[in-house]
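What follows is a single structure, written as structure tokens, with notes after it.
Protein chains: 2
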Amino acid sequence: MSGHARQHPTIKDVAERAQVSPATVSSVLRANKNVSDISRQKVLEAIEALGYRPNRLAQALRTQRSRTVGLIIPDITNPFYADIAQGATDQARESGYGLFLMTACESETALRQAAEELVQRQVDGLLLTSVGLDYAITPWQLDKVPYVLVNRYAKTAVADYVGIDNRSGAQEVVRFLHGLGHRRIAFIGGLPHSSASRDRLEGFYAAMQELDLTLSPLHIGFADLQYDKAMKLVQSMLQTEPRPSAVFAADDMMALGAWEGAQSVGVRVPQDLSIVGFDGIWSTAWAGIQLSTVVQPRYELGRLAVSLLHERIQGLTSPARVRLLPYQFMARRTTAAAPIDSVRSIN
Amino acid sequence: MSGHARQHPTIKDVAERAQVSPATVSSVLRANKNVSDISRQKVLEAIEALGYRPNRLAQALRTQRSRTVGLIIPDITNPFYADIAQGATDQARESGYGLFLMTACESETALRQAAEELVQRQVDGLLLTSVGLDYAITPWQLDKVPYVLVNRYAKTAVADYVGIDNRSGAQEVVRFLHGLGHRRIAFIGGLPHSSASRDRLEGFYAAMQELDLTLSPLHIGFADLQYDKAMKLVQSMLQTEPRPSAVFAADDMMALGAWEGAQSVGVRVPQDLSIVGFDGIWSTAWAGIQLSTVVQPRYELGRLAVSLLHERIQGLTSPARVRLLPYQFMARRTTAAAPIDSVRSIN
DNA sequence: GTGAAAGCGCTAACAA
DNA sequence: TTGTTAGCGCTTTCAC
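Spelled out as structure tokens, the structure:
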């Protein structure tokens, strides 16, 4: 007997009203056991009448399952991550999970803190898209919380990984630019310690070498995935002599920044400078933009990551899986044949 | 004695190792009571040694506070909501809350379900940015979960509201276009049942009237905040005769779609057609875009919403508050003086 | 300053 | 089929 002016009705209140035991109510709730139709009916009525809502926290405490996954992304404001997040939430809902969101800017400690809090909140699993993984991940190798890596993997981490073949994507871009007559191709990297950035850089190098293109040290730099930094970097690259005829940025944000940088110093895109991005965020397809880029299946990446995580949560113990999804290079309006002088300089 | 091969150490394990009672450990954890330095020391050491992490779920169950807020947005993929979400997560973290994310596409039942689940998960408060509010909100008027409305308010809901003065923002846009010589201004609305869309439409009407401008019924329509729909809508608007010389879209996404629509039928922006958006998502400022728009303080909206919510959770009972933040109209590259024939047609 | 005991709301044996 | 009991991990009186 505990029912006067309490906040929310509990399973006990329901039991009382339905004249059954709490255990029976619980059974009805989980639609699982053998409960007589008569009891079930009474319980259902009581639930309805009382406006009862199960307390998921109590359930979780008891069952040791919160039916919650944690998602850590650097920045929800970045459309690339937003798309992944959308895929993740959708798949999570369909699999019966709630989604806890944490943003951890690109720092190891932030990632660590976020993961720590998520673990304390008893998430059943973790989705990690952030950097700093190499170091920060080790701790919860020990804990039993399964996790899957999205877009960036970590050398030390033995966990499922979902992404694309960044290396070959980057190669394809360089080959395409080469085919357009470009010989001086600049590269703007993202975060040097992100596997995705590293792989793209590697692919870039490999293709340059394969095509016998030389690379000026002035034509390579990193802009931390930041629009502004890429803008400034390109401005300075365009001061060099001979200047690049094409810029390949390791992500769309930087490519867009590069574009603004070029425009700000009177260099026309694509006539004077071709620009290629990476990721294929939606805005690259807009009428005013039409950025050439490598389109990743971002939404599907998010979905797939949750599926794999779900399997792990269910107890799957197979060795770490790697799932590489197909990407697609899209040549759009920011790439054109290299300017004459550029080609001549090679012949 | 309960400690062989258990998953995670509990407060009991810590107590045992530190040779104190669980109650003492708890006191140390919350840095609150009178605990002797000697005990505290022992406890801290035990925590360290065992790698103990408090179980936030158990804490929540006991204290009836989950230190969690729920955020419901239509679509995390929409930069406008992403910015709000970022502000919300940041402020939430600073206030000691975790953030549960749910997306509920623009439907009443989806919103209802999302809120329902969040309540079951015992969030301390709710942030609502979705539509369908008028109907769906009523239920948890009854429950004790406080909530605040962001960007859209509901007539029936008596709750804190955070937004901007959409009506006057829209008026400002029309006046600006009028000043540029535009006389035939089309309007693309978002969701008719969203307060934000309604207010913008209202402001549009008011200004048109105030300036003695007539409005063809062919020059007004709704595109559900969708890029594609706006694109098609504008295509058909441009078939009308006389056609509009300016389009005012109730959100940036639609403005961008309108742009593509115009381009697809050979109408130049801004020479033949001026376009204005609303919200001021970041991409409108990019080099390739430069969309004229009404810039909302999206990030601050998200932050403020959480602050207000926090106060409510603390027990504040003052009547519903309305917080209107300043906006800023930015005339950029998609607006220009009306074409000659357009002006002439008025004189 | 500290510990024993009760209980948050629920589920899972086990008995009946 | 149903109810009783114990307890998930924690906090919180209330004695001592």
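Protein sequence lines, in the order shown, are assigned to chains A and B. Going by the working numbering, the first residue of the first sequence is number 1, and it counts up by one from there. Going by the working numbering, the first residue of the second sequence is number 1, and it counts up by one from there. Each residue gets a CB set at the ideal place from its N, CA and C atoms; glycine is no exception.
Taking all protein chains shown into account, A/Asp279 has 16 or more neighbouring C-beta atoms within 10 Å of its C-beta and is therefore buried.
If you draw a straight line from the Cα of B/Ala15 to the Cα of A/Thr317, it comes to about 34 angstroms. The beta carbon of B/Lys42 is closer than 6 angstroms to those of Ala18 in its chain, skipping five residues each way along the sequence. Taking a Cβ-Cβ cut-off of 7 angstroms, A/Thr293 has no neighbours in chain B, whose nearest Cβ is about 13 angstroms from it. Using a CB distance below 8 angstroms, no part of the segment 266–281 of chain A faces chain B. Close to A/Arg184, with beta-carbon spacing below 8 angstroms, lies no residue of chain B; the smallest spacing is near 22 angstroms. In the DSSP annotation of this structure, the continuous segment of the alpha helix (DSSP H) that includes B/Leu118 starts and ends at Glu108 to Gln120.
Near chain B, meaning a CB-to-CB distance below 7 angstroms, the residues of the segment 107–136 of chain A are Glu117, Val119, Gln120, Arg121 and Gln122. Counting only runs that start and end inside the segment 31–89 of chain A, the beta strand (DSSP E) elements of at least 3 residues fall at 68–73. Exclusion of the five residues before and after B/Gly169 leaves Val294 and Tyr327 as the residues of its chain whose Cβ lies within less than 6 angstroms of its Cβ.
Shown here, A/Asp251 sits in coil according to DSSP, grouped into three states, outside any helix or strand.
Runs of the alpha helix (DSSP H) spanning 4 or more residues and lying entirely within the segment 199–254 of chain B occur at 227–237, in chain order. Here B/Asp212 is exposed. Its C-beta has fewer than 16 other C-beta atoms within 10 Å.
Taking every protein chain shown into account, the CB of A/Arg30 has fewer than 16 other CB atoms within 10 angstroms, so this residue is exposed. Comparing C-alpha distances from A/Pro244 to each of A/Met254, A/Arg183 and A/Ala206 shows the shortest one belongs to A/Arg183. The straight-line gap separating the alpha-carbon atoms of B/Val69 and B/Gly98 is approximately 6 angstroms. Of A/Leu324, A/Phe222 and A/Met237, the smallest CA-CA separation from A/Met253 is found for A/Phe222. Close CB contacts of B/Phe204 within its chain, under the 7 angstroms cut and outside five residues either way in sequence, are with Ala170, Val174, Phe187 and Phe248 (chain order). No Cβ of chain A is located within less than 7 angstroms of the beta carbon of B/Gly96. Within chain B, the residues placing a beta-carbon under 9 angstroms from that of A/Phe100 are Thr68, Gly98, Leu99, Phe100 and Leu101, ordered along the chain. Residue contact with chain B for A/Gln263: present (Cβ-Cβ distance below 7 angstroms to some residue of chain B).
Its chain contains Glu172 and Val294 as the residues whose beta carbon lies nearer than 6 angstroms to that of A/Phe329, once the 5 sequence neighbours on both sides are disregarded; these appear in chain order. For B/Val322, the uninterrupted beta strand (DSSP E) segment begins and ends at Val322 to Leu325. Not one beta carbon of chain A lies nearer than 7 angstroms to the beta carbon of B/Glu210. Of the residues A/Ala88, A/Lys155, A/Arg323 and A/Arg40, the one whose Cα lies closest to the Cα of A/Arg303 is A/Ala88. A distance below 6 angstroms between beta-carbons, with the five flanking residues on each side excluded, links A/Arg333 to the following residues of its chain, in chain order: Gln290. In the three-state reduction of the DSSP assignment, B/Ala186 falls in the strand class. In this structure, B/Leu101 places its C-beta atom within 7 angstroms of the C-beta atom of A/Leu101. Taken atom to atom, the span from the alpha-carbon of A/Gly96 to that of B/Trp259 is near 40 angstroms.
B/Ser307: not part of any beta strand (DSSP E); member of the alpha helix (DSSP H) spanning Arg298 to Ile313, first to last residue. The three-state reading of DSSP puts A/Ile275 in strand, counting E and B together. Taking CB atoms only, B/Lys144 has a neighbour in chain A less than 7 angstroms away. Spanning the alpha carbons of B/Val162 and B/His178 requires a straight line of approximately 30 angstroms. Its Cα nearest to that of A/Arg198, the residue A/Leu225 stands out among A/Ala58, A/Val158, A/Ser264 and A/Leu225. Pairwise C-beta distances place the segment 40–58 of chain B out of contact with the segment 69–80 of chain B, as fewer than three of them are shorter than 8 angstroms. Chain-ordered listing is empty here: chain A has no CB closer than 8 angstroms to the CB of B/Gly315, the nearest sitting near 14 angstroms.
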